[in-house]
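Protein chains: 2
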Amino acid sequence: MLSTERILAAAVEILDAEGLEALTMRRLGLQLGVAAMSLYRHFPNRDALLGGVVNRLFAEAVSAYAPDATWPEALTGFGLAYRRTLLAHPHAVRLLATHPVNVDLGLELLTGLLSRFEAAGIAAHDALTAVQSVGVYVLGHTLAQVGTPPEHHDDAALAFYDHWFDSGLIAMVTGFERQLV
Amino acid sequence: MLSTERILAAAVEILDAEGLEALTMRRLGLQLGVAAMSLYRHFPNRDALLGGVVNRLFAEAVSAYAPDATWPEALTGFGLAYRRTLLAHPHAVRLLATHPVNVDLGLELLTGLLSRFEAAGIAAHDALTAVQSVGVYVLGHTLAQVGTPPEHHDDAALAFYDHWFDSGLIAMVTGFERQLV
DNA sequence: CGTGTAAGCTTACAAGGTACGCAAACGCCG
DNA sequence: CGGCGTTTGCGTACCTTGTAAGCTTACACG
Numbered sequence: 002m003l004s005t006e007r008i009l010a011a012a013v014e015i016l017d018a019e020g021l022e023a024l025t026m027r028r029l030g031l032q033l034g035v036a037a038m039s040l041y042r043h044f045p046n047r048d049a050l051l052g053g054v055v056n057r058l059f060a061e062a063v064s065a066y067a068p069d070a071t072w073p074e075a076l077t078g079f080g081l082a083y084r085r086t087l088l089a090h091p092h093a094v095r096l097l098a099t100h101p102v103n104v105d106l107g108l109e110l111l112t113g114l115l116s117r118f119e120a121a122g123i124a125a126h127d128a129l130t131a132v133q134s135v136g137v138y139v140l141g142h143t144l145a146q147v148g149t150p151p152e153h154h155d156d157a158a159l160a161f162y163d164h165w166f167d168s169g170l171i172a173m174v175t176g177f178e179r180q181l182v
Numbered sequence: 002m003l004s005t006e007r008i009l010a011a012a013v014e015i016l017d018a019e020g021l022e023a024l025t026m027r028r029l030g031l032q033l034g035v036a037a038m039s040l041y042r043h044f045p046n047r048d049a050l051l052g053g054v055v056n057r058l059f060a061e062a063v064s065a066y067a068p069d070a071t072w073p074e075a076l077t078g079f080g081l082a083y084r085r086t087l088l089a090h091p092h093a094v095r096l097l098a099t100h101p102v103n104v105d106l107g108l109e110l111l112t113g114l115l116s117r118f119e120a121a122g123i124a125a126h127d128a129l130t131a132v133q134s135v136g137v138y139v140l141g142h143t144l145a146q147v148g149t150p151p152e153h154h155d156d157a158a159l160a161f162y163d164h165w166f167d168s169g170l171i172a173m174v175t176g177f178e179r180q181l182v
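First to last, the protein sequences are chains A and B. Offset between the first sequence (1-based) and our numbering: plus 1. Offset between the second sequence (1-based) and our numbering: plus 1.
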């Protein structure tokens with residue numbers, strides 16, 4: 002029996018194993034032992050399906066961490082966890098870039114993190130700005146990393162990206178620390 | 002007479018006027034008064050053509066500004082100019098996200114900016130980290146902005162994105178200022 | 001048992017990228 | 001000036017992919 006969940010799970014499998022180009026309706030149907038057109042009972046079109054994959058992965062990223070006590074620590078932890086999840090699904094990063102995460106879902110998933118700002122007396126509006134800034138930094142950075150040609154995928158490159166990521170993240174978080182009282 | 006330059010210029014035109022989905026080989030040929038297959042004399046395939054568009058737009062962005070004296074000012078100016086160019090070609094932003102800019106071209110275009118770090122005695126390696134961090138922040142932020150559904154494209158939204166962008170950029174630059182002695 | 005509804009299937013079509021080989025135009029040489 | 005190789009563009013055709021439309025099967029419920 003087909004279900005939204007089963008379809009999305011299969012989609013992520015294909016994505017991870019074979020990349021974005023391989024994620025066609027027919028290929029996905031094959032994976033599920035079903036005809037391509039059957040998928041349209043659950044999604045109006047391919048784009049909606051990809052959107053579902055995006056929301057699923059973002060949820061995975063955010064659920065994978067528990068926010069620390071202070072907001073700078075929690076914010077840093079969010080950035081690290083988000084990056085870790087994205088790098089675990091390298092072929093999905095381009096999807097995240099082109100299919101924005103559902104805003105309401107994003108806010109709901111991030112309440113834990115946002116509450117750390119609230120506890121420090123920071124306006125919700127400023128908290129959101131900081132969290133979103135880190136979010137787009139992580140996405141942009143990961144895009145750059147997964148976009149490098151495969152011949153550069155050695156240990157030195159890994160170390161370079163790790164260091165670069167940390168520097169930028171630290172700069173941003175400390176910058177916000179000064180900015181937000 | 003067809004040339005790489007003419008093709009890329011026409012591609013950007015179509016992109017700006019009709020969006021990324023409209024940029025097909027046939028449509029581009031039409032624009033140039035030429036058959037689709039003729040384009041393959043200048044590009045091995047569509048992806049290479051899109052890569053050309055990306056490099057062209059990045060060059061436009063970087064050429065559009067002269068770096069200020071101190072590196073924090075120059076870095077901020079770069080971020081602002083890069084964002085301005087991306088927002089001037091909203092349909093191209095997804096391209097920039099999926100087709101990384103040629104590294105050597107990027108470095109060459111950014112020598113002016115990097116020299117400001119050098120003048121302050123900052124290691125080339127650290128300078129690159131800072132510049133790239135701002136670059137991916139700008140791209141990520143612009144992706145988020147152009148990805149918002151059109152019904153939210155009012156003045157309030159514009160102000161929101163502007164403020165968010167500035168906050169994140171300032172945080173990052175001041176963060177690097179503290180980090181880089 | 002009859003029937004209505006949900007789940008999946010079959011077929012078919014329209015785009016779109018691009019391989020392949022031909023044709024025309026141009027430059028260079030004798 | 002004539003021949004010819006090379007460059008530039010074209011026509012045709014093929015394959016892949018998303019998806020519209022309508023059919024079929026099977027199960028629930030009276």
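Every residue, glycine too, gets a C-beta built ideally from N, C-alpha and C. Please read these numbers as outputs of a predicted model, since none were measured by experiment.
(message) Using the Cβ count rule (16 or more neighbours within 10 Å means buried), how would you classify residue 164(B)?
(response) With a 10 Å radius around the Cβ and a threshold of 16 neighbouring Cβ atoms, residue 164(B) comes out exposed.
(message) Can you tell me whether residue 34(A) is buried or exposed? The criterion is at least 16 other CB atoms within 10 Å of its CB, across all chains shown.
(response) That one is exposed.
(request) Could you list which residues in chain B have their beta carbon closer than 7 Å to that of residue 71(A), in chain order? (result) Neighbours of residue 71(A) on chain B: none; closest Cβ ~17 Å, over 7 Å.
(message) With H, G and I counted as helix, E and B as strand and the rest as coil, what does DSSP make of residue 116(B)?
(response) Annotated three-state conformation of residue 116(B) is helix, per DSSP.
(message) Tell me which residue opens and which closes the alpha helix (DSSP H) that residue 56(B) is part of.
(response) First-last of the alpha helix (DSSP H) with residue 56(B): 47 to 64.
(message) residue 77(A) and residue 181(A) - do their beta-carbons sit closer together than 8 Å?
(response) A distance of 8 Å or more separates the beta carbons of residue 181(A) and residue 77(A).
(message) Please report the straight-line C-alpha distance between residue 29(A) and residue 6(B), rounded to a whole angstrom.
(response) About 40 Å.
(request) Just the C-alpha distance for residue 71(A) and residue 116(A), rounded to the nearest angstrom, thanks. (result) For residue 71(A) and residue 116(A), the distance between alpha carbons rounds to 10 Å.
(request) At 9 Å on the CB atoms, spell out the chain A contacts of residue 149(B), in chain order. (result) Chain A residues near residue 149(B): 101 and 104.
(message) At a CB distance below 8 Å, what residues from the region 157 to 181 of chain B approach chain A? Give them in sequence order.
(response) Within the region 157 to 181 of chain B, the residues whose Cβ lies closer than 8 Å to some Cβ of chain A are 164, 165, 168, 169, 171, 172, 173, 174, 175, 176, 177, 179 and 180, listed in chain order.
(request) Starting from residue 161(B), trace the alpha helix (DSSP H) both ways and give me its first and last residue. (result) Its alpha helix (DSSP H) spans residues 156 to 180.
(request) Using a Cβ cut-off of 7 Å, pull out every chain A residue sitting near residue 141(B), in sequence order please. (result) The contact set of residue 141(B) on chain A, defined by CB atoms closer than 7 Å, consists of 137, 138, 140 and 141 in chain order.
(request) Would you please verify whether the beta carbon of residue 86(B) is less than 8 Å from any beta carbon of chain A? (result) Contact of residue 86(B) with chain A is not assigned, every C-beta pair being separated by 8 Å or more.
(request) Give the DSSP-derived three-state secondary structure of residue 141(B) in the structure shown. (result) Correct three-state label for residue 141(B): helix.
(request) Would you mind working out which of 144(B), 98(B), 126(B) and 50(B) sits nearest residue 149(A), comparing C-alpha positions? (result) Of the listed residues, the one whose Cα sits closest to residue 149(A) is 98(B).
(request) To the nearest angstrom, report how far apart residue 153(B) and residue 88(B) are at their CA atoms. (result) Their Cα atoms are separated by approximately 16 Å.
(request) Evaluate residue 86(B) with the Cβ neighbour count: other Cβ atoms within 10 Å of its Cβ, from every protein chain shown; 16 or more gives buried, anything less gives exposed. (result) The residue in question, residue 86(B), is buried, as its Cβ has 16 or more Cβ neighbours within 10 Å.
(message) For a cutoff of 8 Å on Cβ pairs, would you count residue 77(A) as touching chain B?
(response) At least 8 Å separates the CB of residue 77(A) from every CB of chain B.
(request) Report, in whole angstroms, the separation of the C-beta atoms of residue 174(A) and residue 83(A), which I expect to be a contact under 8 Å. (result) About 13 Å separates the CB atoms of residue 174(A) and residue 83(A); that is not less than 8 Å, and the two are not in contact.
(message) Just to confirm the assignment, what range does the alpha helix (DSSP H) spanning residue 8(B) have?
(response) Its alpha helix (DSSP H) spans residues 5 to 19.
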